[in-house]
Amino acid sequence: MRRENEFLHTQLTGRLREQIVTGFIKPGEFLLSENELCKFYGLSRSSVRKSLEQLVNEGLIVKLAGKGALVPPDLQIDNTMRKVLHIVMPAPSHFANLGFSVILDAFRRDHPLVDIKMLTLPAPGYWDSLRISREMGLQPDVILVTDTQYSELVNPDAYEDLDSLCPAESADLYPKVLGAFRDGERIKALPVTFSTVFLAYNPSLFAANGIPVPNVQWTLDEFKQAALSLTRDTNGDGILDRYGFSLSSHMSRWPVFALQNGFKPDGRESNRETILRTFTFFHDILYHSRCAVFQPGSPNRLTSNPFVKGKSGMALTTTFEMASWQELDFKPAVGPLPLGDVDATLLLANALMIPSDSSEPGLAEALLRTAIRPDVQDRICRSTPFLSVLRSINEEARSHAFLRNLNILDPAMENNLFLNELIGDPDAWQGIQEQIELFMHGLESAEEIANLWRREGASAKAL
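Just so we're aligned: the sequence shown equals residues 937 to 1399 in this note's numbering.
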């Protein structure tokens, strides 16, 4: 709750600051009263007062006893000195919506005469949309990308080398995360947050059914037994309407089962047996034991997410996805992955890039330096659900058990893989994924998926 309040306070401060600096609230005008700000933004009085106090310290408002907060009549903002920084972001993006404001607030405090203009482009076909936007006159200064989008980049030389931006923090940056954004030895994108794919569970359902919560000793058999115990016909109509586990067919989720069972990104023949075991287990929990429910499409679609709706007791998720889980009827907990003998899972990350033709390269670099500053990374980690890219910050702000359950402690962190390390050839993957969708609907066998893997997957880098 404290982190959530801090996050909302930061958002309010940024909004009010922008309204003042851009002239929406003019010198000599009063802000809304504390009560009105509380109602309008849905915040507590203490959060509103904290935001106002910060603006007082910045000289943007003065507080008059009995009257409220006023923008000083003599406040001077020299518009001829103002500059604009253009930032492009993918949509949807949980970090862009719920975490990036921490970075922007810190940047604005140090650069009050810089306006930030943000443009969102569809995440599918991100680079094509950016190219078309450029042809129409857009000249971005900073670009937010995911690890998958970065892996699709075909012209890395069109972006600045960023090695010089993080000499002090580079030793504290997770090497595994930073490595995903290198072109050879050159850093082309600077990671600002990351996540693994991990297990979330509903502790209320576990408690209501007398089921021990996940612990570091529990096994795959115990995972299945817990899922069976959670599966219920809750309204007595003869149809199961709550399941133990949500199984997503999305490529950013289910491969964790294969990784934990020894899958290696080298196309070896032994991977066929791993895939066969993995999909045989899927077939069992979906159609024989019937303790799992198939979740089609993107796991980020809240309206059809059984776990969010309280219709399943466990699911694989990320910090990005969890950040969007607002107003749930329960507080999700994080447990260790019991899916196999190998401590391995998938990685995801967001990073910032600077186009070589940026019209404000100095300001763009300043934004990136701000993004990985220890105090900013600390605020991201403590006031939002997101992780820091600095190891020391996570170890100070989050519990050892939490970091262990996310599989980011050494040496397990080195076992984790980004999706592009698995997929290799996206075209070869597409045919496999289509068959996996049929499998999840009960229309293909585990044997057929394993055979398809041997035929198609071995010709790609891995999956």
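Backbone N, C-alpha and C define an ideal beta-carbon position, used for all residues, glycine too.
Owing to the predicted nature of the structure, the values given are computational and were not obtained by experimental measurement.
To the nearest angstrom, how far is the alpha carbon of residue i from that of residue j?
i	j	result
L1101	P1272	35 Å
D1293	D1077	8 Å
L1109	V1325	6 Å
V1244	D1010	51 Å
L1342	S1131	8 Å
F1354	V1312	25 Å
S1069	P1291	14 Å
M937	R1208	With a pLDDT of 48 at M937, under the threshold of 50, the modelled position of this residue cannot be trusted, and the question is left open.
L1304	P1127	9 Å
A1285	E1383	33 Å
R1067	S1295	17 Å
T949	S987	5 Å
E1121	M1289	16 Å
Q955	V984	16 Å
E1357	K1200	10 Å
L1089	A1107	26 Å
H1377	T1216	14 Å
I1052	Y977	22 Å
A1144	P1268	15 Å
Hey, residue i and residue j: beta-carbon distance below 8 Å or not?
i	j	result
L1388	Q1371	yes
S1029	T946	no
F1230	G1246	no
A1287	Y1086	yes
A1259	I1039	no
N1352	L1252	no
V1149	F1159	no
G1276	Q1161	no
G1180	A1228	yes
V1152	T1281	no
A1059	A1032	no
L1116	D1083	Correcting the residue type first, residue 1116 is Ala in the shown sequence and not Leu. Yes, the pair counts as a contact, with Cβ atoms nearer than the cut-off.
W1365	P1274	no
E1350	K1124	no
L1055	V1024	yes
T1320	L1034	yes
L973	T1129	no
S1248	S1182	yes
From the DSSP output, read off the bridge partner residues of residue i.
i	result
S1131	L1284
V1192	In the DSSP output, where bridge partners are listed per residue, V1192 has none listed.
H1022	K1053
L1006	F966, V998
L1326	L1109
L1353	L1282
F1230	L1183
A1027	P1058
What is the C-beta distance between residue i and residue j, in whole angstroms, given that I count them as a contact (C-beta under 8 Å)?
i	j	result
H1047	L1299	7 Å
L991	L1000	About 14 Å separates the two Cβ atoms, so there is no contact after all.
S1240	E1373	Rounded, the Cβ-Cβ distance is 15 Å, inconsistent with contact.
A1386	L1164	With 8 Å as the limit, A1386 and L1164 do not qualify as a contact, their Cβ atoms being about 25 Å apart.
E994	R1045	7 Å
R953	L996	6 Å
D1346	A1333	18 Å between Cβ atoms; not a contact.
With 8 Å set as the bound, which would you pick, yes or no: does the beta-carbon of residue i sit closer than that to a beta-carbon of chain D?
i	result
L1000	Absent here is chain D; the protein component of the structure consists of one chain.
What runs of the alpha helix (DSSP H), each 4 residues or longer, lie entirely inside the stretch 1056 to 1108?
-> The stretch 1056 to 1108 is shown to contain whole alpha helix (DSSP H) runs of 4 or more residues at 1062 to 1071, 1083 to 1087, in chain order.
Write down every uninterrupted run of the beta strand (DSSP E) in the stretch 1246 to 1312 whose length is 3 residues or greater and which is fully enclosed by it, in chain order.
-> Those beta strand (DSSP E) runs which fall completely within the stretch 1246 to 1312 and span 3+ residues are 1248 to 1253, 1269 to 1271, 1282 to 1289.
Only counting runs of 4 or more residues, tell me where the alpha helix (DSSP H) segments fall wholly within the stretch 942 to 978, in order along the chain.
-> Complete alpha helix (DSSP H) runs here, min 4: 970 to 977.
Every unbroken alpha helix (DSSP H) inside the stretch 1106 to 1184 [4 residues or more] | Within the stretch 1106 to 1184, the complete alpha helix (DSSP H) segments of 4 residues or longer fall at 1111 to 1115, 1139 to 1144, 1156 to 1166, listed in chain order.
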